[in-house]
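Visitor:
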Amino acid sequence: MKASARIAAAMIGLGGVCLLVGSMAVAQDGELGEVVKVRVAGNVDAAGVQKRIDEISDETDSLLSKYRTTLKQIDSINQYNAQILKLIGSQEAELASLSEQVGNVQSVGRSVTPLMIRMVDAIEGFVALDVPFLIDERSERVATLRTTMERADVTTPEKFRSVMEAYQIENEYGRTIEAYRASLQIGAKETTVDFLRFGRIALVYQSLDESLQGRWDQKSRSWVALDGSFRSALRHGLRIARKQSAPDLINLPMPAPADARG
Numbered sequence: 578m579k580a581s582a583r584i585a586a587a588m589i590g591l592g593g594v595c596l597l598v599g600s601m602a603v604a605q606d607g608e609l610g611e612v613v614k615v616r617v618a619g620n621v622d623a624a625g626v627q628k629r630i631d632e633i634s635d636e637t638d639s640l641l642s643k644y645r646t647t648l649k650q651i652d653s654i655n656q657y658n659a660q661i662l663k664l665i666g667s668q669e670a671e672l673a674s675l676s677e678q679v680g681n682v683q684s685v686g687r688s689v690t691p692l693m694i695r696m697v698d699a700i701e702g703f704v705a706l707d708v709p710f711l712i713d714e715r716s717e718r719v720a721t722l723r724t725t726m727e728r729a730d731v732t733t734p735e736k737f738r739s740v741m742e743a744y745q746i747e748n749e750y751g752r753t754i755e756a757y758r759a760s761l762q763i764g765a766k767e768t769t770v771d772f773l774r775f776g777r778i779a780l781v782y783q784s785l786d787e788s789l790q791g792r793w794d795q796k797s798r799s800w801v802a803l804d805g806s807f808r809s810a811l812r813h814g815l816r817i818a819r820k821q822s823a824p825d826l827i828n829l830p831m832p833a834p835a836d837a838r839g
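For the sequence shown, the positions run 578 to 839 when my numbering is used.
#1: Span of the alpha helix (DSSP H) holding ILE712?
#2: Using a 10 Å radius around the Cβ and a threshold of 16 neighbouring Cβ atoms, would you call PHE703 buried or exposed?
#3: Indicate whether MET696 and VAL731 have their beta-carbon atoms separated by less than 7 Å.
#4: Which residue wins for smallest C-alpha separation from LEU811, given the options ILE827, GLU735, ASP638?
#5: For ALA818, which three-state DSSP category applies?
#6: Here's a check: name, in chain order, each residue in its chain whose Cβ is nearer than 6 Å to the Cβ of PHE807, leaving out the five neighbours to either side.
#7: Just verifying my parser: in three-state terms, what is the DSSP assignment at ALA729?
#8: In the DSSP output, what is ALA865 paired with across the bridge?
#9: Taking the straight line between their C-alpha atoms, what separation do you get for GLU671 and MET726?
#10: Which residues in the same chain as VAL603 place their Cβ atom closer than 7 Å to its Cβ, once the five residues preceding and following it in sequence are excluded?
#11: Report all residues from its chain with a CB closer than 7 Å to the CB of MET693; omit the five preceding and five following residues, and keep chain order.
#12: Alpha carbon to alpha carbon, what distance is there between PHE775 and GLY751?
#13: I need the DSSP call for ASP707, collapsed to helix, strand or coil.
#14: Specify, as a first and last residue, the run of the beta strand (DSSP E) that ASP794 falls within.
#15: Closest to ASP698 by CA distance: which of PHE710, LEU662, THR721 is it?
#16: DSSP on ALA670, reduced to helix/strand/coil?
#17: If you run the structure through DSSP and keep just helix, strand and coil, what is GLU767?
#18: According to the Cβ coordinates, are ALA756 and ALA823 closer than 7 Å?
#19: Following the continuous beta strand (DSSP E) through ALA842, name the residue where it begins and the one where it ends.
#20: Considering only the alpha carbon of each residue, which of ASP786, LYS820, ARG798, ASP707 lies closest to GLU747?
#21: Would you say LEU815 and LEU761 are within 7 Å of each other, going by their C-beta atoms?
#22: Please list, in chain order, all residues of the same chain as ARG723 whose beta carbon is under 7 Å from its beta carbon, the five residues on each side excluded.
#23: What separation, rounded to the nearest whole angstrom, lies between the Cα atoms of ASP825 and VAL689?
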């Protein structure tokens, strides 16, 4: 009986121990669950923080890239502005130079104008005293020059160019031969004739029917009739001047050297 009681007591004690151990195990499982929950929650929070950190890092990289790009753009703009400033400075210097040149041209223009007028007067006087070829054309050229000199819309350089061109044309007459048709007063009658000019050395004419021939005498400043012996030579000379025949020697009445000097 005593032995049975001891066994029962032992079993009861063992059950108490088991119960205690079981209770402790349950308690420990509860605490572990709480720990796991806390750790899981901590991991979730850490993941969120890391995600935000990554987002901020990406935003920072993007802003940094934009900042660097902006710096490059600013540097490029600064270089462009510097170049523009140099260009503006160069243009301002050029404008200043042009303004000075305009002032000089205006000053020169005031002194050149009287000279040009004297040059036109000289051309007019020369035409009046020269061998009388192309009188209408040359007189009209002088009249045009005088009109040009009075025009405010024509620049001084253009006026000077026109005067020099007229001088050049007059100069060329002395080195060319020419044939042209015009009217000539022969006696009391106006007659159409062919003129033949050899520089300023000789000016002769022949009527269209080849019945009349003559030459200009610079000394007496008058026309002198020629006989019919020059008819063929004049015809040939006219063809040469018109480039209808090859250059050739022709027999023409020439003034004496003193007469040629006029």
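Even for Gly, the Cβ is constructed at its ideal location relative to N, Cα and C.
Guide: The structure says:
#1: Within the sequence shown, the letter at position 135 stands for residue 712. 712 to 726 is the extent of the alpha helix (DSSP H) around ILE712.
#2: Position 126 of the sequence shown, counted from the first residue, corresponds to residue 703. Burial call: exposed.
#3: Reading the sequence shown from its first residue, position 119 is the one you call residue 696. Reading the sequence shown from its first residue, position 154 is the one you call residue 731. Cβ atoms of MET696 and VAL731: not closer than 7 Å.
#4: Numbered from 1 along the sequence shown, position 234 holds the residue referred to as residue 811. Here the closest residue by C-alpha is ILE827.
#5: Looking up residue 818 in the sequence shown gives position 241. Helix.
#6: Within the sequence shown, residue 807 is the residue found at index 230, counting from 1. Closer than 6 Å at the Cβ level, and outside the excluded window around PHE807, lie GLN790.
#7: Working through the sequence shown from its first residue, we reach residue 729 at position 152. ALA729: coil per DSSP, three-state reduction.
#8: No statement about residue 865 is possible, as the shown extent of the chain runs from 578 to 839 and does not include it.
#9: Mapped onto the sequence shown, residue 671 falls at position 94. Mapped onto the sequence shown, residue 726 falls at position 149. Those two C-alpha atoms are separated by around 31 Å.
#10: The residue given as residue 603 occupies position 26 in the sequence shown. Reliability fails at VAL603, whose pLDDT of 47 lies under 50, so the model's placement of it is uncertain and the value that follows must be treated cautiously. For VAL603, where only same-chain residues beyond five positions count, there are no Cβ hits under 7 Å.
#11: Position 116 of the sequence shown holds residue 693. Closer than 7 Å at the Cβ level, and outside the excluded window around MET693, lie MET726, LYS736, PHE737, VAL740.
#12: For the purposes of this step, residue 751 is taken as the residue at position 174 of the sequence shown. For the purposes of this step, residue 775 is taken as the residue at position 198 of the sequence shown. GLY751 and PHE775: Cα-Cα distance of roughly 8 Å.
#13: By 1-based counting over the sequence shown, the position of residue 707 is 130. Reduced to three states, the DSSP call for ASP707 is coil.
#14: Position 217 of the sequence shown, counted from the start, is the residue given in the question as residue 794. ASP794 -> beta strand (DSSP E) spans 790 to 794.
#15: Residue 698 sits at position 121 when you count from the first residue of the sequence shown. Nearest of PHE710, LEU662, THR721 to ASP698, Cα basis: THR721.
#16: The residue you call residue 670 lines up with position 93 of the sequence shown. If DSSP states are grouped into helix, strand and coil, ALA670 belongs with the helices.
#17: Residue 767 sits at position 190 when you count from the first residue of the sequence shown. If DSSP states are grouped into helix, strand and coil, GLU767 belongs with the strands.
#18: Indexing the sequence shown from 1 puts residue 756 at position 179. Indexing the sequence shown from 1 puts residue 823 at position 246. No, these two residues do not count as a Cβ contact at 7 Å.
#19: The first residue shown for the chain is 578 and the last is 839, placing residue 842 beyond what the model contains.
#20: Looking up residue 747 in the sequence shown gives position 170. It is ASP707.
#21: Within the sequence shown, numbered from 1, the residue matching residue 815 stands at position 238. Within the sequence shown, numbered from 1, the residue matching residue 761 stands at position 184. Cβ distance not < 7 Å, so LEU815 and LEU761 don't count as in contact.
#22: Within the sequence shown, the letter at position 146 stands for residue 723. Closer than 7 Å at the Cβ level, and outside the excluded window around ARG723, lie VAL697.
#23: Against the sequence shown, residue 825 aligns to sequence position 248. Against the sequence shown, residue 689 aligns to sequence position 112. Answer to the nearest angstrom: the Cα atoms are 46 Å apart.
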